[in-house]
Amino acid sequence: MTDGPVSGGQVSSGEFAGKVALVTGASGGIGRAAALRFASGGATVVCSDIAEDGGHETVSLIAAGGGTASLVLADVSSESDVESLIDITMHEYGRLDIAFNNAGIGLFGKTIVEHTEDDYDRIMGVNSTGVFLCLKYEIPAMLESGGGCIVNTASKAGLVGDAGLSVYSASKHAVVGMTKTAALEYARKGIRVNCVAPGVIDTDINTPFWQANPGAYEEFSKKPPMGRMGTAEEVAEAVAWLCTDDAAFVHGHAMSVDAGMLAE
Amino acid sequence: MGMLDGKVAVVTGGTYGIGRAVSVRAAAEGAKVVIGARGQQAGIDTVKEIEAAGGEATFIATDVAKADDVEALIGGTIAAYGRLDLACNNAGIGGERQLIHEVSEEDFESIMALNLRGCFVCVKLELQQMLKVGGGSIVNMASANGLIGTALFTAYTASKHGMVGLTKAAALEYADKGIRVNAVCPGGVETPLFTETYPVGSESRKAAMDFHPIGRIGTSEEIAAAVVFLWSDKASYITGTCLTLDGGLTAN
Amino acid sequence: MSDFGQKIALVTGAGSGIGRATALVFAREGATVACSDIDTESGEATVRMIEDLGGTASFVRADVSVGADVEAMVQTVVERYGRLDVAHNNAGIGGLGKPIVQHSLSEFERTMAVNTKGVFHGMKYQIPQMLKQGGGAIVNTSSMMGLVGLAGISAYSASKHAVVGLTRSAALEYGSKGVRINCICPGIIRTPINQKYWDEFPEAEKEWLSIEPIGRYGEPEEVAEVVVWMASDEASFMHGHALSVDGGATAQ
Chain R
1 MTDGPVSGGQ
11 VSSGEFAGKV
21 ALVTGASGGI
31 GRAAALRFAS
41 GGATVVCSDI
51 AEDGGHETVS
61 LIAAGGGTAS
71 LVLADVSSES
81 DVESLIDITM
91 HEYGRLDIAF
101 NNAGIGLFGK
111 TIVEHTEDDY
121 DRIMGVNSTG
131 VFLCLKYEIP
141 AMLESGGGCI
151 VNTASKAGLV
161 GDAGLSVYSA
171 SKHAVVGMTK
181 TAALEYARKG
191 IRVNCVAPGV
201 IDTDINTPFW
211 QANPGAYEEF
221 SKKPPMGRMG
231 TAEEVAEAVA
241 WLCTDDAAFV
251 HGHAMSVDAG
261 MLAE
Chain U
265 MGMLDGKVAV
275 VTGGTYGIGR
285 AVSVRAAAEG
295 AKVVIGARGQ
305 QAGIDTVKEI
315 EAAGGEATFI
325 ATDVAKADDV
335 EALIGGTIAA
345 YGRLDLACNN
355 AGIGGERQLI
365 HEVSEEDFES
375 IMALNLRGCF
385 VCVKLELQQM
395 LKVGGGSIVN
405 MASANGLIGT
415 ALFTAYTASK
425 HGMVGLTKAA
435 ALEYADKGIR
445 VNAVCPGGVE
455 TPLFTETYPV
465 GSESRKAAMD
475 FHPIGRIGTS
485 EEIAAAVVFL
495 WSDKASYITG
505 TCLTLDGGLT
515 AN
Chain G
517 MSDFGQKIAL
527 VTGAGSGIGR
537 ATALVFAREG
547 ATVACSDIDT
557 ESGEATVRMI
567 EDLGGTASFV
577 RADVSVGADV
587 EAMVQTVVER
597 YGRLDVAHNN
607 AGIGGLGKPI
617 VQHSLSEFER
627 TMAVNTKGVF
637 HGMKYQIPQM
647 LKQGGGAIVN
657 TSSMMGLVGL
667 AGISAYSASK
677 HAVVGLTRSA
687 ALEYGSKGVR
697 INCICPGIIR
707 TPINQKYWDE
717 FPEAEKEWLS
727 IEPIGRYGEP
737 EEVAEVVVWM
747 ASDEASFMHG
757 HALSVDGGAT
767 AQ
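These protein sequence lines map, in sequence, to chains R, U and G. Just so you know, my numbering puts 189 at position 189 of the first sequence, and the rest follows in order with no gaps. Just so you know, my numbering puts 430 at position 166 of the second sequence, and the rest follows in order with no gaps. Just so you know, my numbering puts 753 at position 237 of the third sequence, and the rest follows in order with no gaps.
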């Protein structure tokens with residue numbers, strides 16, 4: 001199911017002018033912030049998510065800002081959805097230059113013993129298999145387009161462990177592994193692949209955890225060495241930077257955006 | 265039948281804390297141990313402790329910040345035993361708690377001279393001897409601070425990171441020559457150095473202990489066990505790595 | 517080496533390669549070994565090898581990708597022996613040697629199901645039993661490819677990175693409750709998994725050697741010695757660590 005393109009009608013200029021960017025998990029949080037950032041940089045943005053309302057809102061926000069975007073609903077854990085997503089993008093725009101594989105779900109607060117088979121399958125399905133499927137279908141499209149840049153959303157928990165986040169951490173470590181491997185495979189074929197490893201970011205993915213644990217929001221705000229959580233925009237800036245030519249030598253890297261949490 | 269029977273081992277800073285535990289354990293595993301450290305009395309005491317337990321050890325006064333001392337240490341080892349098989353480069357200091365902009369150049373230099381340059385000089389001379397016998401195993405005593413930072417310990421952290429880098433590079437150079445080079449990265453360990461930094465009964469000590477997911481800090485014996493393991497043939501395929509012994513500190 | 521007498525060890529993927537080697541070393545050190553594998557013939561062969569050397573072992577079949585199998589496996593071990601002290605979650609399948617775009621979804625999922633979900637299942641059912649006993653030790657088999665990437669094995673690398681994530685997180689959850697959890701990251705080892713790959717891609721056997729600074733591949737026994745050491749009390753302060761046994765491969 002698709003919508004758009006919706007255009008604010010402005011002539012596109014900026015570091016992403018003329019480029020087509022795909023963002024999964026674009027209905028809110030980091031995905032929305034990245035979609036808006038790519039658009040303000042002149043890219044045409046294909047926003048994807050399973051959440052229709054949030055997706056529409058992102059597209060509207062982009063149009064309101066003078067950019068061009070469309071919405072394609074897709075569940076990244078479904079191979080047919082992902083294949084369609086890329087097909088539609090190529091059919092609509094004829095190219096794919098940037099992909100931000102960001103769709104992800106969290107599950108905080110259960111020990112590894114408490115995780116059920118369903119929990120495991122759901123988290124790994126979206127966070128790990130979802131990234132695999134996106135890479136699998138994006139890469140040929142980018143090769144067709146003459147090259148491209150992919151950023152995957154990993155996490156601080158993709159580089160270290162976290163109590164209460166075992167399966168999430170496993171899924172994000174897997175994203176780091178796939179990032180490195182894909183980077184090595186396509187280094188000489190014009191596709192750069194990196195991931196971002198956000199620390200504690202103030203977005204809705206955490207809301208269930210704050211609600212279930214009064215006082216946790218304040219506690220977690222103090223954890224990062226900077227003494228505050230990060231914003232979705234801060235992560236989006238890092239993602240955008242990775243997709244510019246300034247980052248042309250950055251490849252196969254897990255870029256931490258975590259206020260120094262991994263330095264200690 | 266010990267894990268290190270017939271081997272000759274050098275341990276720097278081997279008279280207290282982790283170094284002492286390494287010296288004692290190495291001797292218990294059958295190695296002939298040459299201890300290089302600054303404190304004469306502590307050196308004599310450590311040798312006595314080892315001999316009382318039936319082991320063999322020698323003390324040679326050594327300040328690893330002085331290249332001549334290190335030459336004398338290695339030279340003395342060869343003079344006594346004719347060979348060098350194993351080395352644990354453990355001599356090191358922590359430094360004062362200071363914000364980086366308050367650290368004087370002299371303080372920075374003196375920590376680097378002992379912790380990092382001292383390690384480099386030791387490794388250099390040890391490798392020369394090990395090449396002669398066609399093999400050996402070196403363990404550098406880095407720290408969790410060789411992998412992560414800790415506020416107020418800039419020079420220490422830099423020196424330990426440097427030690428990790430030196431370890432990996434040395435490992436790559438000698439991997440196919442039968443010499444293995446690894447680092448051990450302990451977290452908090454019950455030693456005089458730790459107690460100096462985190463006094464008994466202090467809030468900072470309690471916080472440091474709680475910071476370890478396992479709920480306690482380590483003992484010198486636990487660290488010594490890892491050194492001896494890395495020295496042994498059981499670790500025959502391990503080189504260039506940082507064996508982390510920190511009760512989960514850096515897993516976090 | 518600490519005595520494993522009176523201890524019960526469970527090894528998955530014990531029918532060959534690293535698993536078989538580990539089962540044999542645990543038995544040598546005095547443990548009673550529950551050998552598990554998806555292949556009955558090879559698993560039972562490992563049991564016979566242990567018995568021929570005077571040790572005690574038994575076989576329990578399980579497909580680690582199936583939660584119910586793993587639950588039953590742990591139950592069987594506890595029914596037979598009354599306890600479970602050490603577990604080596606080692607069962608795994610290898611890399612496919614093709615770019616990510618050529619991996620089918622089912623190939624990706626199969627690799628993840630055995631290598632990652634298998635470890636998840638293992639810990640999920642082993643930890644509660646160990647908690648009942650007041651403690652235990654778990655070693656998961658990751659890989660050098662759990663720390664770095666390599667072209668051609670994206671699903672394998674993803675699955676082994678995920679094992680590191682599971683290991684570190686579980687370690688943080690249970691460290692203070694007496695269950696020590698670590699993983700091992702072997703480099704390129706002469707195992708049936710790799711031999712099968714080399715049979716299909718003979719050039720790879722020569723090419724991959726350049727990955728190993730030590731100049732040779734590792735033997736399963738070399739990995740086994742390290743796993744058993746990690747599971748022993750000698751490694752009592754090691755927790756949440758990914759220990760490389762890789763001839764220097766990840767030092768570069």
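The beta-carbon is built from N, C-alpha and C at its ideal position, and this holds for glycine as well. All values reported here derive from a predicted model rather than from experimental measurement.
Report, in whole angstroms, the separation of the C-beta atoms of residue i and residue j, which I expect to be a contact under 8 Å.
| i | j | result |
| --- | --- | --- |
| M124 (chain R) | S78 (chain R) | At roughly 14 Å, the Cβ-Cβ gap does not stay under 8 Å, so M124 (chain R) and S78 (chain R) are not in contact. |
| A489 (chain U) | E738 (chain G) | Actually they are not in contact, since the Cβ atoms of A489 (chain U) and E738 (chain G) sit about 19 Å apart, beyond 8 Å. |
| L85 (chain R) | S145 (chain R) | That pair is no contact at about 15 Å. |
| L592 (chain G) | V576 (chain G) | The question names Leu, yet the displayed sequence has Thr at residue 592 (chain G). Yes, they are in contact, since the Cβ atoms of T592 (chain G) and V576 (chain G) sit about 5 Å apart, within 8 Å. |
Quick check: what's the CA-CA separation for residue i versus residue j?
| i | j | result |
| --- | --- | --- |
| V46 (chain R) | L71 (chain R) | 6 Å |
| G465 (chain U) | T455 (chain U) | 15 Å |
| A678 (chain G) | G662 (chain G) | 7 Å |
| G610 (chain G) | M255 (chain R) | 28 Å |
| E587 (chain G) | E716 (chain G) | 35 Å |
| G281 (chain U) | I487 (chain U) | 10 Å |
| V617 (chain G) | Y93 (chain R) | 22 Å |
| P208 (chain R) | L647 (chain G) | 29 Å |
| V298 (chain U) | V275 (chain U) | 6 Å |
| E560 (chain G) | A537 (chain G) | 14 Å |
| H619 (chain G) | E138 (chain R) | 14 Å |
| Y438 (chain U) | F417 (chain U) | 32 Å |
| F16 (chain R) | A43 (chain R) | 5 Å |
| C699 (chain G) | K330 (chain U) | 40 Å |
| G318 (chain U) | S496 (chain U) | 21 Å |
| N194 (chain R) | A74 (chain R) | 23 Å |
| L600 (chain G) | H637 (chain G) | 15 Å |
| A259 (chain R) | G230 (chain R) | 7 Å |
| E485 (chain U) | A285 (chain U) | 6 Å |
| D519 (chain G) | A547 (chain G) | 8 Å |
Counting only Cβ pairs nearer than 8 Å, list the residues of chain U close to residue i.
| i | result |
| --- | --- |
| E264 (chain R) | I412, G413, T414, A415 |
| Q768 (chain G) | K432, L436, G504 |
| M771 (chain G) | An answer regarding residue 771 (chain G) cannot be provided, because it is not within the stretch 517 to 768 covered by chain G. |
Residue i touches chain G at which residues, Cβ-Cβ below 7 Å?
| i | result |
| --- | --- |
| N516 (chain U) | L688 |
| H173 (chain R) | H677, A678, V680, G681 |
| F493 (chain U) | W745, E750 |
| E390 (chain U) | Chain G residues near E390 (chain U): none, gap ~18 Å exceeds 7 Å. |
| G252 (chain R) | G665 |
Going by the DSSP bridge assignment, what does residue i pair with across the sheet?
| i | result |
| --- | --- |
| R577 (chain G) | G:D553 |
| T572 (chain G) | G:T548 |
| T24 (chain R) | R:S48 |
| F417 (chain U) | U:Q362 |
| R444 (chain U) | U:S401 |
For chain B, find out if any of its Cβ atoms is closer than 9 Å to the Cβ of residue i; answer yes or no.
| i | result |
| --- | --- |
| S128 (chain R) | Looking at the structure shown, chain B is missing, and the protein chains on hand are R, U and G. |
Residues of chain U with CB under 9 Å from residue i, in chain order?
| i | result |
| --- | --- |
| V167 (chain R) | The premise fails here: V167 (chain R) is roughly 16 Å from chain U at the closest Cβ pair, so nothing lies under 9 Å. |
| G104 (chain R) | Ordered by position in chain U, no residue passes the 9 Å Cβ test against G104 (chain R), which lies about 21 Å from the chain. |
| L759 (chain G) | I502, T505, L507, T508 |
Please state if the CB of residue j and the CB of residue i are separated by a distance shorter than 9 Å.
| i | j | result |
| --- | --- | --- |
| I105 (chain R) | I205 (chain R) | yes |
| L36 (chain R) | G14 (chain R) | no |
| G442 (chain U) | G399 (chain U) | yes |
| M142 (chain R) | A99 (chain R) | yes |
| G731 (chain G) | Y501 (chain U) | no |
| E741 (chain G) | A499 (chain U) | yes |
| G429 (chain U) | T421 (chain U) | no |
| A607 (chain G) | S552 (chain G) | yes |
| T414 (chain U) | E52 (chain R) | no |
So residue i contacts chain R; which residues on that side make the cut at Cβ distance below 8 Å?
| i | result |
| --- | --- |
| F717 (chain G) | Here the premise fails: no neighbours, minimum Cβ distance about 16 Å. |
| F624 (chain G) | T129, F132 |
| K640 (chain G) | I112, V113, H115 |
Chain G partners of residue i, CB-CB under 8 Å?
| i | result |
| --- | --- |
| P477 (chain U) | A687, L688, G691, S692, H755, G756 |
Please list, in chain order, the chain G residues whose beta carbon lies closer than 9 Å to that of residue i.
| i | result |
| --- | --- |
| K498 (chain U) | M517, E738, E741, V742, V744, W745 |
Find the residues of chain R that neighbour residue i, judging by a C-beta separation of less than 7 Å, and give them in chain order.
| i | result |
| --- | --- |
| G703 (chain G) | What G703 (chain G) touches in chain R: nothing, since even the nearest Cβ is about 16 Å away. |
Identify the contact partners of residue i in chain U, using a Cβ-Cβ distance below 7 Å as the criterion.
| i | result |
| --- | --- |
| G161 (chain R) | A515, N516 |
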